[in-house]
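Numbering (my numbering), first residue to last: 31 to 256.
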C-alpha cells in the first residue's frame with residue numbers, strides 16, 4: 031500500500047513538471063459538456079416570488095487563438111439549457127382566499143425551460159506555468175444567445191400544465207445577451223491533446239419579460255492543439 035502511494039505521487043509529480051509544447055502559443059480547439067444550474071432573476075413584482083433553480087445540460091465546441099504570451103481569445107458555440115422556476119404563495123399575495131373556501135397556503139409553482147445556442151468571444155488569460163503539463167486560466171467576455179426552445183410548466187392545486195411557449199401564447203424573446211466569466215484547468219496527456227475542467231457563470235443582461243437569465247455551469251472535455 032505504501033509503495034502504491036509513493037508510485038502514484040511520483041507519477042503525479044512527473045506529469046506536473048514534464049514540459050510539453052501544446053496548449054500554449056498554438057491554436058487550440060475544444061469539445062466540452064457538462065451540467066448547468068439555471069435561475070431567472072425577476073424584476074420587482076407586486077406578488078411575492080421565491081426563485082427556484084433547475085439543473086440541465088450544456089455542450090459545445092471552441093477555438094482559442096493566442097494573442098500574446100498567456101493571453102488569447104476563445105470563440106465558442108454552445109447549446110445551453112437555461113431557465114428556472116418560481117413559487118407563489120397565493121394566501122400571502124391575495125387577500126380573502128381562505129375565506130373563499132380555498133385550502134390554506136395554496137401555492138403555485140411555475141417554470142420555464144429555455145434552450146439557447148450561445149455564441150461567445152471570451153478573453154483567456156493563463157497563469158504563468160510555462161513548460162508544464164498543467165495550465166490554469168480565467169475567462170471573461172460577452173455572449174449572445176438565440177432561442178431554440180421554450181417550455182412553460184405550471185403546478186397548482188389540482189392542476190398541472192406543461193406546454194410550448196408558443197402554444198401558451200407566451201411571447202418570449204428569441205434572443206438573449208450578457209457576459210460570461212469563469213476559470214478552468216487543463217492537463218496535457220500528450221503532445222497534442224489535453225483534458226479540461228471549467229466552471230462558468232453566464233449573467234444575462236437582457237430584460238426578458240421582466241426576468242433575466244442566470245446560468246452556472248460545470249463542464250469537462252478534451253482540447254487539441256493545431
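Glycine included, every Cβ here is placed at the ideal spot set by N, Cα and C.
From a predicted model like this one, the values you see are computed outputs, not experimental measurements.
query: CB of residue 100 within 7 Å of CB of residue 253, strictly; result: no
query: Per-residue DSSP class, three states only, for residue 82; result: strand
query: Integer-rounded CB distance, given that residue 236 should sit under 8 Å from residue 206; result: 5 Å
query: Complete beta strand (DSSP E) runs within the segment 197-227 (minimum length 3 residues, chain order); result: 205-218
query: Candidates 149, 73 and 181, of which the one nearest residue 93 by Cα; result: 149
query: Whole-angstrom distance between residue 169 and residue 240, CA atom to CA atom; result: 28 Å
query: CB contact flag (residue 11, residue 69, <7 Å); result: This structure gives no information on residue 11, because the portion of the chain shown stretches from 31 to 256.
query: The segment 182-198 contacting the segment 214-231, beta-carbon criterion three pairs below 8 Å; result: no
query: Identity of the residue in 155, 230 and 143 nearest residue 102 by Cα; result: 155
query: DSSP beta-bridge partners of residue 101; result: 98 and 155
query: Top-ranked residue by Cα proximity to residue 248, from 89, 242, 139 and 58; result: 89
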